[in-house]
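Notes follow once the structure below has been shown.
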Amino acid sequence: MSVLSVLKERGFIEDLTHTEALEDYLTHNRATCYIGFDPTASSLHVGSLVCIMALAHMQRHGHRPIALVGGGTGLIGDPSGKTELRKVITLEQIDENKKGIRNQLSRFLDFSDDKALLLDNAQWLTKLEYIPFLRDIGRHFSVNRMIKAESYKARMDSEDGLTFIEFNYMLLQAYDFMQLGSSYDCFLQMGGSDQWGNIVAGIDLVRRTLGKQAYGITFPLITTASGIKMGKTHKGAVWLDAQRFSPYEYYQFWVNADDADVERFLALFTFLPMEEIHQVSHLEGADLNKAKAVLAYEATKICHGEDEALKALQASVSMFGGIEIAATLLPGSSIPRGTHSAAGEESVPSTSYNKNDIVGKRLIIDLFMETNLCKSKSDARRLVQQGGAYVNDNRVAGVDQMVLESDAKADEILLRAGKKKYHKIILD
RNA sequence: GGUGGGGUUCCCGAGUGGUCAAAGGGAUCAGACUGUAAAUCUGACGGCUCAGCCUUCGGAGGUUCAAAUCCUCCCCCCACCA
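My numbering numbers the first residue of the first sequence as -11 and each following residue consecutively.
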């Protein structure tokens, strides 16, 4: 089965150029393909996961993926300040971020032996000179055409307007494609559906300057069933970096997926066979929850490794109760089968305290605040007043409740805010 | 550069001297119901030494017993014109 069919079947394809020629190109070549990533943060987040998984599928089919970090574009930023993502950042910062990004990507892609590349467009963009750029590249672009691009049209009509810098991103990205084409033999660019205009512009530029046929694929914008952009939560982005977003939280993120999203997410974010995934559509109620556990397990495994996935599963079980994974449910998954009951290690966020400093001395709401379960004392107070604060699964009765000796069993205190947020206090 | 319109609590958006910690909606959080889902209902939603107090309405000053609301200067945004 060709990559293209696989990607199509799993829901990756929004649009593509030259359908037949591309299919042909991919079957007869070890193709090099690229996707651009933003280096403004030291970590990628779930929003980029579709792109990453697509690259992984490419690699699995013997093609060579390139992850292009936009270090050059990051150096420009965007003065309109409308898009948070385009902040000006320093070279050092970009280097730092690149390290983090490479680290994360290496969980999904094999960078050894030239099997995948991580490049930075600063390599060529910072060398550009304005006049030659205008003469050699700018001449190929028609402003008339550019402003017809969906991404620009919206901005042209909106009050926010469009800065010249943003307007130029299309040229720069097309230039990237051209560079990758001539230096790395890369003639396939992929990206989110908002990149369509930029990708097509690149294809044109490649044809005009290198005389080569290039291709493009865009992915759909993944939204949750409730219409929210994938990977955005109340807390902000769902990071792939374990430091910023623990494997346990990551696991929880997937378990909390909407019913209607489970099948789609399994297809996009795991490597489980599609025949198995289709079975999920028959499930409902508690059984569907088990499928969510598999989704969470697999997704966590891919991103953080099997050990962490297992820990997260166990932590989840000890928090929310046992779960039985039947052998027939998504058999391709390596999730341990059988009944999982509360036991074993947990990987719930924890903080250490000196027992003598706490017991009988501190208010419980203070602990909620200090462990970041609540963002202010008023917040903690509210939580208690509304009955959402728990210590070792006992509801906290009043805002002036102290930590008691009886709370400190086994030198641990389990704090809970609402139904899903836990924090463990470890007493020394 | 000119003219006009704006900058309000996470977002949108009311408010034009006291009754304003500031309507309404969204988002979010908690409770109930559930399946760690969705929908629905209820409540909360600046901070604190919490039935009281303190700090907020682009920034800095000023008028007033009293300012988000009036005045001055500054910063920023938008539209049209050049």
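Even for Gly, the Cβ is constructed at its ideal location relative to N, Cα and C.
Just list the residues that DSSP pairs residue i with in beta bridges.
i: R383; result: Y378
i: L22; result: Here the sequence assigns Tyr to residue 22, which means Leu is not the residue at that position. Note: Y22 sits in a beta bridge opposite I54, Q177.
i: L107; result: L56
i: M390; result: L351
i: F241; result: None; F241 has no bridge partner.
i: S340; result: I414
i: I311; result: H328
i: A405; result: A377, K409
i: D3; result: T206
i: H33; result: W227
i: T211; result: K217
i: E294; result: Answer by DSSP bridge pairing: none, since E294 is not bridged.
i: E400; result: I414
I need the straight-line Cα distance from residue i to residue j, nearest angstrom please.
i: V57; j: L106; result: 7 angstroms
i: S94; j: N85; result: 14 angstroms
i: F155; j: C21; result: 25 angstroms
i: R404; j: N380; result: 8 angstroms
i: V391; j: N344; result: 11 angstroms
i: F0; j: A213; result: 17 angstroms
i: D192; j: Y172; result: 18 angstroms
i: N132; j: Y140; result: 11 angstroms
i: Y236; j: R123; result: 53 angstroms
i: N360; j: C291; result: 25 angstroms
i: V188; j: G204; result: 7 angstroms
i: V347; j: Q389; result: 11 angstroms
i: F121; j: M158; result: 13 angstroms
i: D83; j: R232; result: 19 angstroms
i: V268; j: L256; result: 14 angstroms
i: R252; j: G273; result: 17 angstroms
i: G386; j: R(-2); result: 51 angstroms
i: I419; j: H328; result: Only positions -11 to 416 of the chain appear in this structure, which leaves residue 419 out of reach.
i: A162; j: R195; result: 11 angstroms
i: S170; j: A287; result: 36 angstroms
Out of the options, which one is the CA nearest neighbour of residue i?
i: Y239; options: A248, D247, L228, G348; result: L228
i: D12; options: N186, R404, L176; result: L176
i: E263; options: T212, A385, D367, L318; result: L318
i: S322; options: A297, D345, N344; result: A297
i: D395; options: Y378, F0, A104; result: Y378
i: I54; options: A44, T61, G62, G60; result: A44
i: V(-6); options: L260, Q81, Y285, G62; result: L260
i: G62; options: A110, K103, S338, V38; result: A110
i: E8; options: D295, E286, Q201, F356; result: Q201
i: K(-4); options: A42, T28, L37; result: A42
i: G60; options: R(-2), I216, T28, I401; result: T28
i: M134; options: R383, L150, E2; result: L150
i: D98; options: P235, T78, I40; result: I40
i: A330; options: S100, I216, L209, G309; result: G309
i: H49; options: V384, S100, V(-9), I77; result: V(-9)
i: T206; options: Y410, L4, D416; result: L4
i: Y118; options: A104, L160, L301, S100; result: L160
i: L301; options: V336, D416, A314, G376; result: V336
i: L271; options: D247, Y285, E286; result: D247
i: L79; options: D108, Y341, A104; result: D108
i: G376; options: K408, D102, K363, E393; result: K408
Please classify residue i as buried or exposed, where buried requires at least 16 neighbouring CB atoms within 10 angstroms.
i: G24; result: buried
i: T418; result: Shown here, the chain extends from -11 to 416; a query on residue 418 therefore has no answer.
i: K397; result: exposed
i: I352; result: buried
i: D249; result: buried
i: Q183; result: buried
i: A211; result: Looking at the sequence provided, one finds Thr at residue 211 rather than Ala. Exposed: under 16 other Cβ atoms inside 10 Å.
i: R369; result: buried
i: T258; result: buried
i: N186; result: buried
i: R52; result: buried
i: A303; result: buried
i: G199; result: exposed
Any heavy atom of the ligand COA closer than 7 angstroms to the Cβ of residue i?
i: L317; result: This structure lacks the ligand COA; in fact it carries no ligand of any kind.
>> With three or more beta-carbon pairs closer than 8 angstroms as the criterion, would you say the segment 86 to 95 touches the segment 23 to 39?
In response: The answer is yes - the segment 23 to 39 touches the segment 86 to 95, with three or more Cβ pairs under 8 angstroms.
> Is there contact between the segment 11 to 23 and the segment 268 to 282, where contact requires at least three CB pairs shorter than 8 angstroms?
Replying inline: Taking 8 angstroms as the limit for Cβ pairs, the verdict is that the segment 268 to 282 does not touch the segment 11 to 23.
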